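K.L.:
Numbering (the numbering used here), first residue to last: 146 to 855.
Quick look at the structure:
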């Protein structure tokens, strides 16, 4: 559908944020991809038609028919196709349920019993039982949550967004913003780099056109409970959101105001300078040749040392409170206000990076995307508050850095894969000619820097260097087998890898810890994620059986414990994706209590609850169908980030930790992951072999008995 959908240009409203069910302000003028000289077509989309129609009123649908008839045959097809897309993509997904209180409390105790000392657990059990007593505080808070569910689209959404992102005061690089690394590109010269960037920008415009016309096909669930339609609202934050720093809490700004025109520009960062690149000029979308020409101008402008301005992007790498303070100082000057407004309202950023000067293996390419190598390399050539930053390095290091609050990993991957496919197809037919039209030069954003701002810049640069030096990261490819072998064991690859991660952690640290695995709850309206708590008691029993020699269990007993661990992981996964996990529910109960009582109930101040929310092992499966991978940092100072991408014949792990913590080591965990995966494979093979021999013996005995009877 992408090839047939016209690009949309919005003239009268900032409607990019409008997802399914949201009004899109302003008239829309369409044009064919390729831009210059294209004839405008109908301004109405399928969404406009659907909003004009009352399905209970015959006349309103009759108006649509008359409207369609008044257009050319091609326009009629386009309008009706757009209408079908809109109605299909807006099929209702249900509201997120509130899990039963007693179910959550019992599951909470079960999740934590083997992770805390016995005496501490006894105290926690008493506190939880008191909280859940009939007619008690827990039931009162549960009723308030159920009322909230009736009045809101998603009862946990705002609580979750604040808790996961907006209240967090840590700097975004490494701590919050994940990165996707593309296959390394082979740029012969700077023009190759700029052509790649122009192709990418053209793909962004095409993808945004799909979003603006609501023609993006609906996603359906894969894996466990596959086939259900998923909420699509996250996609509408890809190019129309902004994370505004606050002194105590950030704000996720969604561009859906009718007051300001919708942005028709991107920001290009080059040599730590920022430039406005208009992608629509005189109501016409720039062609790929036009974009290439404009990027050439920007590249030349960025080399002019007389025009060089301070690297203001560094401020966005600082802690959120410090950046909010610096932004308040910047806003005192009208020049700075104009520059900030252009960045905050842009479609996305494209960062034209200088060569990193390091060996370009997966690990080093990932580091370039995660933090830019520090302020003296490409660390200031970023603006971390913008959700989508596309990095195109002169040395071929390319990828995406994402501000995570508007959308989750799978949405980022889907968008990125769409762009890479677009680029692959269009590069085959890309004309290597420059633009023939005279275009105004892109504009350099200006900054007025007071001594206070200069001090903030110096502090930000120093803190970014600390982040760079402190990150312990490895991209490790396990090559001995991939998900095809795992599937042959009649096991979910994700559950298998999660149990292997528990075994690897236990091998390193001789204990299990609260573990986070993100589980999508997009089966529900405005659903984001809940947590699969992978450190189950069954996983604990399995890892002890594999590591502790004192137990001296047989292979069949170990295999039974492995199967139990897989079953527990699978069952928890199903609970999570169906809205029945414990983390969002406990968060909702806590925040409702905060709103209605002066003091939090003891269950939420108890040491076990605090421990349960310190995720020393933070994991996520981010599978891709193209050559790219995802990575991120740990979420606590003494923790690990473990992102994995299972492929048919290998599994790529990105493991991160902090050098400040003497107990953790990314290299140590990566080696333990390899040992654990090999050990589980050997166990499965032994079990399969012994099972096959046992079956053969049974068949032989049966045959002997049959022969005797004859």
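Note that CB positions come from ideal geometry on N, CA and C, so glycine has one too.
Only a predicted model underlies this, so the values are computations on that prediction, with no experimental measurement involved.
To the nearest angstrom, report how far apart residue 491 and residue 669 are at their CA atoms.
P.N.:
Position 346 of the chain shown, counted from the first residue, corresponds to residue 491. Position 524 of the chain shown, counted from the first residue, corresponds to residue 669. The straight-line gap from Cα to Cα measures roughly 30 Å.
K.L.:
Straight-line CA distance for residue 713 to residue 691?
P.N.:
For the purposes of this step, residue 713 is taken as residue 568 along the chain shown, with counting starting at 1. For the purposes of this step, residue 691 is taken as residue 546 along the chain shown, with counting starting at 1. Rounded to the nearest angstrom, the two C-alpha atoms are 17 Å apart.
K.L.:
For residue 776, which residues of its own chain have a beta-carbon under 6 Å away from its beta-carbon, when the five flanking residues on both sides are left out?
P.N.:
Against the chain shown, residue 776 aligns to sequence position 631. The answer, listed in chain order, is 324, 511, 788 and 799.
K.L.:
Taking its Cβ as the centre, do 16 or more other Cβ atoms sit within 10 Å of residue 250, making it buried, or is it exposed?
P.N.:
The count along the chain shown starts at 1 and reaches residue 250 at position 105. Buried, since its Cβ has 16 or more Cβ neighbours within 10 Å.
K.L.:
In chain order, what residues of the same chain lie with their CB nearer than 6 Å to the CB of residue 203, ignoring the 5 residues before and after it?
P.N.:
As a position in the chain shown, residue 203 is number 58, starting the count at 1. Only weak support exists for where residue 203 lies, its pLDDT of 34 falling under 50; the value from the coordinates is given anyway. Excluding residues up to 5 positions away in sequence, nothing lies with its Cβ nearer than 6 Å to the Cβ of residue 203 in the same chain.
K.L.:
Could you check whether the segment 284-293 touches the segment 727-745, counting it as contact only if at least three pairs of C-beta atoms, one from each stretch, sit closer than 8 Å?
P.N.:
Using a Cβ-Cβ distance cut-off of 8 Å, the segment 284-293 and the segment 727-745 are in contact, since at least three pairs of beta carbons, one from each stretch, lie closer than that value.
K.L.:
By the 10 Å Cβ neighbour count, where 16 or more other Cβ atoms means buried, how is residue 473 classified, buried or exposed?
P.N.:
Translated into positions along the chain shown, residue 473 becomes position 328. Residue 473 should be labelled exposed.
K.L.:
Determine the direct distance from the alpha carbon of residue 436 to that of residue 346, and round the result to whole angstroms.
P.N.:
Looking up residue 346 in the chain shown gives position 201. Looking up residue 436 in the chain shown gives position 291. Rounded to the nearest whole angstrom, the C-alpha separation of residue 346 and residue 436 is 8 Å.
K.L.:
Pull up the DSSP beta-bridge partners for residue 663, would you.
P.N.:
Within the chain shown, the letter at position 518 stands for residue 663. In DSSP, residue 663 forms a bridge with 676.
K.L.:
So, residue 469 versus residue 391, is the Cβ gap smaller than 8 Å?
P.N.:
For the purposes of this step, residue 469 is taken as the residue at position 324 of the chain shown. For the purposes of this step, residue 391 is taken as the residue at position 246 of the chain shown. A contact, by the Cβ cut-off of 8 Å.
K.L.:
Return the CA-CA distance between residue 523 and residue 335, expressed in angstroms with no decimal places.
P.N.:
Mapped onto the chain shown, residue 523 falls at position 378. Mapped onto the chain shown, residue 335 falls at position 190. Computed Cα separation, rounded: 16 Å.
K.L.:
For residue 273, which residues does DSSP report across the bridge?
P.N.:
Counted from its first residue, the chain shown places residue 273 at position 128. According to DSSP, residue 273 bridges with nothing at all.
K.L.:
Please state the DSSP three-state secondary structure of residue 389.
P.N.:
Within the chain shown, numbered from 1, the residue matching residue 389 stands at position 244. DSSP places residue 389 in strand when its eight states are reduced to three.
K.L.:
According to the Cβ coordinates, are residue 645 and residue 821 closer than 8 Å?
P.N.:
Residue 645 sits at position 500 when you count from the first residue of the chain shown. Residue 821 sits at position 676 when you count from the first residue of the chain shown. Taking 8 Å as the Cβ cut-off, residue 645 and residue 821 qualify as a contacting pair.
K.L.:
Within its chain, find whatever has a CB closer than 6 Å to the CB of residue 229; leave out the 5 residues flanking it on each side and keep chain order.
P.N.:
Start at 1 with the first residue of the chain shown, and residue 229 comes out as number 84. With a pLDDT of 48 at residue 229, under the threshold of 50, the modelled position of this residue cannot be trusted, and the question is left open.
K.L.:
Would residue 487 pass as a contact of residue 590 if the rule is Cβ separation under 8 Å?
P.N.:
As a working note, residue 487 is residue 342 in the chain shown. As a working note, residue 590 is residue 445 in the chain shown. Here residue 487 is near residue 590, since their CB atoms are less than 8 Å apart.
K.L.:
Find the nearest neighbour of residue 653 within the set 667, 785, 681 and 678, judged by alpha-carbon distance.
P.N.:
The sequence position of residue 653 within the chain shown is 508, counting from 1. Per the Cα distances, 785.
K.L.:
Which of helix, strand or coil does DSSP assign to residue 785?
P.N.:
The sequence position of residue 785 within the chain shown is 640, counting from 1. Correct three-state label for residue 785: strand.
K.L.:
Could you tell me the distance, in whole angstroms, from the CA atom of residue 634 to the CA atom of residue 829?
P.N.:
Against the chain shown, residue 634 aligns to sequence position 489. Against the chain shown, residue 829 aligns to sequence position 684. The alpha-carbon atoms of residue 634 and residue 829 are separated by roughly 7 Å.
K.L.:
Along the beta strand (DSSP E) that carries residue 463, what are the first and last residues, could you check?
P.N.:
As a working note, residue 463 is residue 318 in the chain shown. First-last for residue 463: undefined, no H or E at that position.
K.L.:
In whole angstroms, what separates the C-alpha of residue 333 from that of residue 501?
P.N.:
Here residue 333 corresponds to residue number 188 of the chain shown, with the count starting at 1. Here residue 501 corresponds to residue number 356 of the chain shown, with the count starting at 1. About 16 Å.
K.L.:
Going by beta-carbon coordinates alone, are residue 89 and residue 765 separated by less than 8 Å?
P.N.:
The question about residue 89 has no answer, for the chain in this structure spans 146 to 855.
K.L.:
Is DSSP giving residue 729 helix, strand or coil here?
P.N.:
In the chain shown, residue 729 corresponds to position 584, counting from 1. The answer is helix: DSSP assigns residue 729 an H, G or I state.
K.L.:
Less than 8 Å between the C-beta atoms of residue 243 and residue 305, yes or no?
P.N.:
By one-based count along the chain shown, residue 243 stands at place 98. By one-based count along the chain shown, residue 305 stands at place 160. In this structure, residue 305 does not lie closer than 8 Å to residue 243 by Cβ.
K.L.:
Could you check where the beta strand (DSSP E) with residue 802 kicks off and where it finishes?
P.N.:
By one-based count along the chain shown, residue 802 stands at place 657. Segment 796-803, the beta strand (DSSP E) holding residue 802.
K.L.:
Answer yes or no: do residue 796 and residue 627 have a C-beta to C-beta separation smaller than 8 Å?
P.N.:
Mapped onto the chain shown, residue 796 falls at position 651. Mapped onto the chain shown, residue 627 falls at position 482. Yes; because the gap between Cβ atoms is below 8 Å, this pair is in contact.
K.L.:
For the putative contact between residue 536 and residue 498, defined by C-beta atoms under 8 Å, what is the C-beta separation to the nearest angstrom?
P.N.:
In the chain shown, counting from the first residue as 1, residue 536 sits at position 391. In the chain shown, counting from the first residue as 1, residue 498 sits at position 353. Right, their Cβ atoms sit about 6 Å apart.
K.L.:
Are at least three pairs of beta-carbons, each pair with one atom in the segment 314-331 and one in the segment 546-564, less than 8 Å apart?
P.N.:
yes
K.L.:
Quick check on DSSP: helix, strand or coil for residue 239?
P.N.:
On the chain shown, residue 239 is found 94 positions in, with the first residue counted as 1. Looking at residue 239 - three-state DSSP - the assignment turns out to be coil, as it is neither helix nor strand.
K.L.:
Only counting the same chain, and skipping five residues up and downstream in sequence, which positions put a Cβ closer than 6 Å to that of residue 678?
P.N.:
Against the chain shown, residue 678 aligns to sequence position 533. Taken in chain order, the residues that qualify are 256.
K.L.:
Hey, how far is the Cα of residue 769 from the Cα of residue 266?
P.N.:
Walking along the chain shown from the start, residue 769 turns up at place 624. Walking along the chain shown from the start, residue 266 turns up at place 121. Answer to the nearest angstrom: the Cα atoms are 41 Å apart.
K.L.:
Assuming residue 308 contacts residue 615 under a Cβ cut-off of 8 Å, what Cβ separation, rounded to an integer in Å, is found between them?
P.N.:
Translated into positions along the chain shown, residue 308 becomes position 163. Translated into positions along the chain shown, residue 615 becomes position 470. That belief does not hold up - the Cβ atoms of residue 308 and residue 615 are roughly 25 Å apart, past 8 Å.
K.L.:
Put residue 497 into one of helix, strand or coil per three-state DSSP.
P.N.:
Taking the chain shown and counting its residues from 1, the one referred to as residue 497 is at position 352. Strand, per DSSP.
K.L.:
What three-state label does DSSP hand residue 167 in the structure shown?
P.N.:
As a working note, residue 167 is residue 22 in the chain shown. Unreliable placement is indicated for residue 167, whose pLDDT of 31 sits below 50; the coordinate value is still reported in the next sentence. Three-state result, residue 167: coil.
K.L.:
Considering only C-alpha positions, which residue in the set 388, 761, 756 and 385 is nearest to residue 262?
P.N.:
Sequence index remark: in the chain shown, residue 262 carries index 117 (1-based). Comparing Cα positions, the closest option is 756.
K.L.:
Let me know the secondary structure DSSP gives residue 396 once reduced to three states.
P.N.:
For the purposes of this step, residue 396 is identified with residue 251 of the chain shown, where counting begins at 1. Looking at residue 396 - three-state DSSP - the assignment turns out to be strand.
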